[in-house]
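Visitor: This structure is in structure tokens; I'll ask about it shortly.
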Amino acid sequence: MPSDDTFLRRAVAVLTAFRADDDGLGAAELARRSGLPRSTAHRIALDLVEAGLLERQGTRVRLGLRLFEIGQRVPRQRVLRDAAVPYMSDLREATRQTVHLAVLEGAEVVYVEILGASDAPRMPSQVGGRLPAHATGVGKAILAFSPPEVVQGVLDAGLVKVGERTVVAPGLFTRELAKIREEGVAYDREESGNGILCAASPVLGPDGEAIGALSVSGWSNRMRLAAVAPAVHTAALTLSRTLARR
Numbered sequence: 001m002p003s004d005d006t007f008l009r010r011a012v013a014v015l016t017a018f019r020a021d022d023d024g025l026g027a028a029e030l031a032r033r034s035g036l037p038r039s040t041a042h043r044i045a046l047d048l049v050e051a052g053l054l055e056r057q058g059t060r061v062r063l064g065l066r067l068f069e070i071g072q073r074v075p076r077q078r079v080l081r082d083a084a085v086p087y088m089s090d091l092r093e094a095t096r097q098t099v100h101l102a103v104l105e106g107a108e109v110v111y112v113e114i115l116g117a118s119d120a121p122r123m124p125s126q127v128g129g130r131l132p133a134h135a136t137g138v139g140k141a142i143l144a145f146s147p148p149e150v151v152q153g154v155l156d157a158g159l160v161k162v163g164e165r166t167v168v169a170p171g172l173f174t175r176e177l178a179k180i181r182e183e184g185v186a187y188d189r190e191e192s193g194n195g196i197l198c199a200a201s202p203v204l205g206p207d208g209e210a211i212g213a214l215s216v217s218g219w220s221n222r223m224r225l226a227a228v229a230p231a232v233h234t235a236a237l238t239l240s241r242t243l244a245r246r
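Residue numbers (full-length UniProt numbering): 1 to 246.
Below you can see the structure in the form of structure tokens.
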């Protein structure tokens with residue numbers, strides 16, 4: 001009989017095997033992604049179904065509603081999202097582009113909220129989804145206002161190429177972060193996806209460190225970064241002040 005610690009680690013491996021766009025996984029794929037033997041992954045999946053953390057879908061399983069309910073109780077996500085949504089709505093109205101809110105988790109950004117525009121390009125981002133921080137506007141905005149050890153952790157993880165224009169040279173990347181610190185705005189020029197541009201600005205805590213970031217994204221042939229950058233910068237600054245008052 002496995003220890004509680006072993007079971008917990010395996011359960012986490014099963015739950016984190018799901019991606020944002022997965023509607024359901026079969027036993028073989030669940031085992032492959034979790035790195036567990038098929039019988040072990042299947043047994044743990046059944047336990048998680050019984051607990052309400054997974055749901056049956058024929059011969060497949062998917063993430064359960066109870067996980068969503070628990071996720072809504074995360075203080076950082078809830079407080080930040082609730083405060084940000086009015087500013088995000090104003091940004092979308094003003095720019096007619098897709099607006100993102102994201103936080104940093106390790107070397108990746110996690111998208112807390114996304115307000116899409118009607119004619120927006122298909123984005124690689126999804127609510128609850130992750131992307132490498134170095135390849136996104138929100139990630140660079142957060143890293144530019146993060147402690148040196150956080151930035152070093154991202155560099156140590158490796159700057160992988162996500163799009164054709166992703167910056168992967170550590171020296172070039174750190175120089176870009178220094179420029180972002182001076183200007184308060186970060187850019188993604190087709191680094192996370194072909195044809196997509198993004199301007200992002202950090203949401204700062206009282207200590208001046210980033211707790212998240214806002215961004216505006218759109219088609220490279222329809223959106224001018226110079227036009228949307230002041231709007232996203234102003235929204236992020238105002239949101240930072242709102243959170244400080246709270």
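Cβ coordinates follow ideal geometry from the N, Cα and C atoms, glycine included.
#1: Tell me where the beta strand (DSSP E) around residue 63 begins and ends.
#2: Would residue 195 be called buried (16 or more neighbouring beta carbons within 10 Å of its own) or exposed?
#3: How do the segment 169-188 and the segment 103-121 stand: do at least 3 beta-carbon pairs fall below 8 Å, yes or no?
#4: Runs of 3 residues minimum, wholly inside the UniProt domain "HTH iclR-type" (5-65): which ones carry the beta strand (DSSP E) assignment?
#5: According to the Cβ coordinates, are residue 103 and residue 132 closer than 8 Å?
#6: In terms of residue numbering, what span does the alpha helix (DSSP H) encompassing residue 171 cover?
#7: At 3 residues or longer, and completely inside the segment 89-158: list those beta strand (DSSP E) runs for me, N to C.
#8: Kindly confirm or deny that the segment 188-202 and the segment 216-235 touch, where touching means at least three C-beta pairs closer than 8 Å.
#9: Grab me the residues of residue 108's own chain with a C-beta within less than 7 Å of its C-beta, minus the 5 sequence neighbours each way, in chain order.
#10: I want to know whether the segment 49-65 touches the segment 83-90 - three or more CB-CB distances under 8 Å.
#11: Out of 82, 46, 141 and 42, point me to the one whose CA is closest to residue 243's CA.
#12: Return helix, strand or coil for residue 207, following the three-state DSSP convention.
#13: Helix, strand or coil for residue 240, going by three-state DSSP, please let me know.
#14: Spell out whether any CB of chain C is found under 8 Å from the CB atom of residue 237.
#15: Using a threshold of 8 Å, state whether the C-beta atoms of residue 177 and residue 144 are closer than that.
#16: Once DSSP output is grouped into helix, strand and coil, what is the label at residue 233?
#17: Start and end of the beta strand (DSSP E) containing residue 189?
#18: Report yes if the CB atom of residue 64 is closer than 8 Å to the CB atom of residue 55, and no otherwise.
#19: Quick one: Cα of residue 17 to Cα of residue 25, how far?
#20: My output table needs one value for residue 162: the three-state DSSP class, helix, strand or coil.
#21: Output needed for residue 1: all residues of its chain with C-beta closer than 8 Å, excluding positions within five of it in sequence on either side, in chain order.
#22: Rounded to a whole number of angstroms, what is the C-alpha to C-alpha distance between residue 53 and residue 67?
#23: Have a look at 180, 149 and 110 and flag the residue whose alpha-carbon is nearest the alpha-carbon of residue 141.
Guide: In terms of the structure at hand:
#1: As a working mapping, residue 63 is identified with position 63 in the sequence shown. It spans 60-63 - the beta strand (DSSP E) in which residue 63 sits, taken as one unbroken run.
#2: Walking along the sequence shown from the start, residue 195 turns up at place 195. Per the 10 Å Cβ criterion, exposed.
#3: no
#4: 54-57 and 60-63
#5: Reading the sequence shown from its first residue, position 103 is the one you call residue 103. Reading the sequence shown from its first residue, position 132 is the one you call residue 132. Going by C-beta atoms, residue 103 is not nearer than 8 Å to residue 132.
#6: Stepping through the sequence shown from its first residue, residue 171 is reached at position 171. Residues 170-183.
#7: 98-105, 108-115 and 130-132
#8: yes
#9: As a position in the sequence shown, residue 108 is number 108, starting the count at 1. Once the five neighbours on either side are set aside, the close Cβ partners of residue 108 are 130, 131, 132 and 133.
#10: no
#11: Position 243 of the sequence shown, counted from the first residue, corresponds to residue 243. Of the candidates 82, 46, 141 and 42, the one whose C-alpha sits nearest the C-alpha of residue 243 is 82.
#12: As a position in the sequence shown, residue 207 is number 207, starting the count at 1. DSSP places residue 207 in coil when its eight states are reduced to three.
#13: The residue labelled residue 240 in the question sits at position 240 within the sequence shown. Residue 240 falls in the helix class under three-state DSSP.
#14: Among the protein chains of the structure shown there is no chain C, as only one such chain exists.
#15: Position 177 of the sequence shown, counted from the start, is the residue given in the question as residue 177. Position 144 of the sequence shown, counted from the start, is the residue given in the question as residue 144. The answer is yes: Cβ separation under 8 Å.
#16: Stepping through the sequence shown from its first residue, residue 233 is reached at position 233. It is helical.
#17: The count along the sequence shown starts at 1 and reaches residue 189 at position 189. Unbroken beta strand (DSSP E) run through residue 189: 186-189.
#18: As a working note, residue 64 is residue 64 in the sequence shown. As a working note, residue 55 is residue 55 in the sequence shown. Yes, Cβ-Cβ distance for residue 64 and residue 55 is below 8 Å.
#19: The count along the sequence shown starts at 1 and reaches residue 17 at position 17. The count along the sequence shown starts at 1 and reaches residue 25 at position 25. One C-alpha to the other measures close to 9 Å.
#20: Translated into the one-based positions of the sequence shown, residue 162 becomes position 162. Three-state DSSP puts residue 162 in coil, outside helix and strand.
#21: Here residue 1 is taken as the residue at index 1 of the sequence shown, counted from 1. Any reading at residue 1 needs caution, since the residue's pLDDT is 46, under 50, leaving its predicted position unreliable; the model's value is listed next. For residue 1, where only same-chain residues beyond five positions count, there are no Cβ hits under 8 Å.
#22: Counting from 1 along the sequence shown, the entry for residue 53 is found at position 53. Counting from 1 along the sequence shown, the entry for residue 67 is found at position 67. Rounded to whole angstroms, residue 53 to residue 67 spans 5 Å at the Cα level.
#23: As a first step, residue 141 is located in the sequence shown; it is residue number 141 there, counting from the start. Among 180, 149 and 110, the Cα nearest to that of residue 141 is on 180.
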